[in-house]
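First the structure, in the form of structure tokens, and then the observations on it.
Number of protein chains: 2
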Amino acid sequence: MQTRLYVLAEELNSFIRNEDIYGEDAIIKELKKTFPNLDINDLNNIIALIKLQNKTFAKEVISAELVATVPALIHSKKTRRTIGVLREYIHASKHTILITGYTISEFVKDLIQLLNKKASEGVIIKFFLDKHVDENFIKSIVEINKNFKIYKLVNSKVYSNLHAKIAVFDNKHALISSSNLSYNGIINNIEIGSILHGEGVRELETLFEVMLERKFFKKLN
Amino acid sequence: MQTRLYVLAEELNSFIRNEDIYGEDAIIKELKKTFPNLDINDLNNIIALIKLQNKTFAKEVISAELVATVPALIHSKKTRRTIGVLREYIHASKHTILITGYTISEFVKDLIQLLNKKASEGVIIKFFLDKHVDENFIKSIVEINKNFKIYKLVNSKVYSNLHAKIAVFDNKHALISSSNLSYNGIINNIEIGSILHGEGVRELETLFEVMLERKFFKKLN
């Protein structure tokens, strides 16, 4: 029985993950073999139950994909490119984007323009900058818009720099990386990051909210 | 029925995640209410099946927890401290540790000593350094041991620096962060990272193996 359950569990998992490919009839047929006493109504309810339990599980978990900046000659099918992830999730965001900058260069002007566009469409952008970032440069590339909020780290004795390289999208997806917003970070260095998915990434926004309350940052615009 | 299934799915999920607290009798009792036709044998098998399917699911997914370096006055219960994660997973590693270094200072000597200890116990350590890291300093803190392999990025026109800040433990857990191995990275900056869990993090070791084959790095010892 145990072996049979192992096989069935894998089939059930394939069904839940790729319903379109696997098909409900096939899985019901398989379930029926192991549970001959169950009627079709019970079987349908058990499938519904497992689907719901999987959703509950998935909601609690932060899942992750690998992200990398590596030279073009290195092909890694299992990592996503930093620039691709940034573009995709900025594009897809509907409500809020929180992004940090330690080193920011002209090279990411197109990303900033995309953020400008999102702000003009009503998305709230919170851009947290390290203390050494040139304010004038930032003000020259960010369009004046009440939705685009820029904060800069203030000098302090209890911390040094905002060195984090993150971008949080709609409080549901978060890129956590070593990549700065520069040519090196996006193209020329070897950088590793991860894009996280799940309600749990909201904690990152909470962290920055707490730091705002504690006056770690001053608002620039 | 649908509402009943929702509640049952959450109970089932609590049971699977926290079996010790919830108890098998309680969940069987709940299942029995929704599926009165099922005998105890079927119910037990359905629970076993769902547990197995959850394991299959979990194996496919990389799950993640948030990691941060933030000033002590910021309490974040939902993020783990960078230094704590490094110590815990270095300690727990049994086979391999891959770690990258862009900026490394005296401050992390205790972590290097812990790596020395693991190497002496048979754990293979692969330490990948950026090209600007001082070899003599590294050689002065790493104990000579055939298990402790040190690689340094070579100059090239196709890439700039090894800027990634990662540590991969037994190819099952990976810290991906903005934190350098320095006082600022561990204590004094604002840094964000994530510790990833799952078979999928093996791709990071694969990436570095490919770069080794391509002679991106030279072996120092």
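Chains as they are written, first to last, in the UniProt record's numbering: chain A, 1 to 221; chain B, 1 to 221.
Beta carbons: idealized from backbone N, C-alpha and C, even for Gly.
Residue of the options minimising C-alpha distance to residue i
{"i": "A58(A)", "options": "E143(A), H197(A), L204(A) and F208(A)", "result": "H197(A)"}
{"i": "F216(B)", "options": "I16(A), P71(A), S14(A) and L12(A)", "result": "P71(A)"}
{"i": "S63(B)", "options": "I186(B), L220(B) and L175(B)", "result": "L175(B)"}
{"i": "H95(B)", "options": "G193(B), K126(B) and S160(B)", "result": "K126(B)"}
{"i": "S76(A)", "options": "V67(B), T34(B), E203(B) and I21(B)", "result": "E203(B)"}
{"i": "T56(B)", "options": "E209(A), V201(A) and V7(A)", "result": "V7(A)"}
{"i": "R17(B)", "options": "N54(A), I40(A) and A167(A)", "result": "N54(A)"}
{"i": "I144(B)", "options": "N116(B), I124(B), A48(B) and I74(B)", "result": "N116(B)"}
{"i": "Y22(B)", "options": "L31(B), E11(B) and K32(B)", "result": "E11(B)"}
{"i": "I141(A)", "options": "L111(A), F169(A), V123(A) and D170(A)", "result": "L111(A)"}
{"i": "F208(A)", "options": "G200(A), F128(A), T34(A) and Q113(A)", "result": "F128(A)"}
{"i": "E213(B)", "options": "V133(B), G185(B) and Y151(B)", "result": "Y151(B)"}
{"i": "L162(A)", "options": "N180(A), K149(A) and K172(A)", "result": "N180(A)"}
{"i": "S156(A)", "options": "T69(A), D134(A), D39(A) and D130(A)", "result": "D130(A)"}
{"i": "E191(A)", "options": "S178(B), E60(B), K218(B) and K118(B)", "result": "S178(B)"}
{"i": "E135(A)", "options": "G122(A), I104(A), K165(A) and K118(A)", "result": "I104(A)"}
{"i": "I83(B)", "options": "G122(B), I97(B) and A68(B)", "result": "A68(B)"}
{"i": "L49(B)", "options": "E65(A), K29(A) and N13(A)", "result": "N13(A)"}
{"i": "residue 223(A)", "options": "M211(A), K146(A) and V85(A)", "result": "Outside the shown range of chain A (1 to 221) lies residue 223(A), about which nothing can therefore be said."}
{"i": "L114(B)", "options": "A92(B), I47(B) and N44(B)", "result": "A92(B)"}
{"i": "F148(B)", "options": "L38(B), A119(B) and V158(B)", "result": "A119(B)"}
{"i": "T100(A)", "options": "V133(A), N189(A), N188(A) and I187(A)", "result": "V133(A)"}
{"i": "residue 293(A)", "options": "K172(A), N184(A), V210(A) and N188(A)", "result": "It is not possible to answer for residue 293(A), since the shown part of chain A is limited to 1 through 221."}
{"i": "K218(A)", "options": "V154(A), Y102(A) and E106(A)", "result": "V154(A)"}
{"i": "M211(A)", "options": "L73(B), G185(B) and L5(B)", "result": "L73(B)"}
{"i": "V123(B)", "options": "I186(B), D170(B) and F15(B)", "result": "D170(B)"}
{"i": "I187(A)", "options": "V108(A), E121(A), D20(A) and S160(A)", "result": "V108(A)"}
{"i": "R81(B)", "options": "G193(B), T206(B), G200(B) and I40(B)", "result": "G193(B)"}
{"i": "V158(A)", "options": "N189(B), N44(B) and N221(B)", "result": "N189(B)"}
{"i": "N221(A)", "options": "S182(A), K139(A) and I28(A)", "result": "K139(A)"}
{"i": "E199(B)", "options": "G185(A), I46(A) and K78(A)", "result": "K78(A)"}
{"i": "T206(B)", "options": "V168(B), S182(B) and K33(B)", "result": "V168(B)"}
Residue i - containing alpha helix (DSSP H), residue span
{"i": "S178(B)", "result": "It is not in any alpha helix (DSSP H) - S178(B) carries neither H nor E in the DSSP assignment."}
{"i": "K117(A)", "result": "K109 to S120"}
{"i": "Y22(B)", "result": "E19 to Y22"}
{"i": "D39(A)", "result": "Segment: none, D39(A) is in no alpha helix (DSSP H) and carries neither H nor E."}
{"i": "K139(B)", "result": "E135 to I141"}
Beta-ladder partner(s) of residue i, from DSSP
{"i": "V67(A)", "result": "R80(A) and G193(A)"}
{"i": "F217(A)", "result": "L153(A)"}
{"i": "L98(B)", "result": "K126(B) and V168(B)"}
{"i": "I104(A)", "result": "L181(A)"}
{"i": "F148(A)", "result": "I125(A)"}
{"i": "residue 222(A)", "result": "Residue 222(A) is absent from the model: chain A starts at 1 and stops at 221."}
*the segment 123-136 of chain A: positions lying closer than 8 Å to chain B by Cβ*: From the segment 123-136 of chain A, no residue has a Cβ closer than 8 Å to chain B.
Could you run through the segment 79-97 of chain A and flag, in chain order, every residue whose CB is less than 9 Å away from some CB of chain B? Listed by position, the residues of the segment 79-97 of chain A near chain B (Cβ gap below 9 Å) are T79.
Name the residues in the segment 181-195 of chain A whose C-beta lies less than 8 Å from a C-beta of chain B; which are they?
Cβ contacts with chain B come from N184, G185, N188, N189, I190, E191, I192, G193 and S194.
Closer than 9 Å between beta carbons: that is the criterion. Which residues of the segment 150-169 of chain B meet it against chain A?
Within the segment 150-169 of chain B, the residues whose Cβ lies closer than 9 Å to some Cβ of chain A are L153, S156, V158, Y159, S160, N161, L162, H163, A164, K165 and I166, listed in chain order.
_Selection of the segment 11-45 of chain B by Cβ proximity to chain A, strictly under 8 Å_ = Cβ contacts with chain A: L12, N13, I16, R17, T34, F35, N37, L38, D39, D42 and N45.
Give me the subset of the segment 49-64 of chain A whose CB atoms are less than 7 Å from a CB atom of chain B, sorted by chain position.
Listed by position, the residues of the segment 49-64 of chain A near chain B (Cβ gap below 7 Å) are L49, I50, L52, Q53, N54, T56, F57, V61, I62, S63 and A64.
Open item on the list: Residues of the segment 202-214 of chain A in Cβ contact with chain B at a cutoff of 8 Å, in chain order, please.
Closed with: Within the segment 202-214 of chain A, the qualifying residues are E203, L204, T206, L207, V210, M211 and R214.
Point to revise | Proximal residues, the segment 104-122 of chain B versus chain A, C-beta separation under 8 Å | key: Cβ contacts with chain A come from no residue of the segment 104-122 of chain B.
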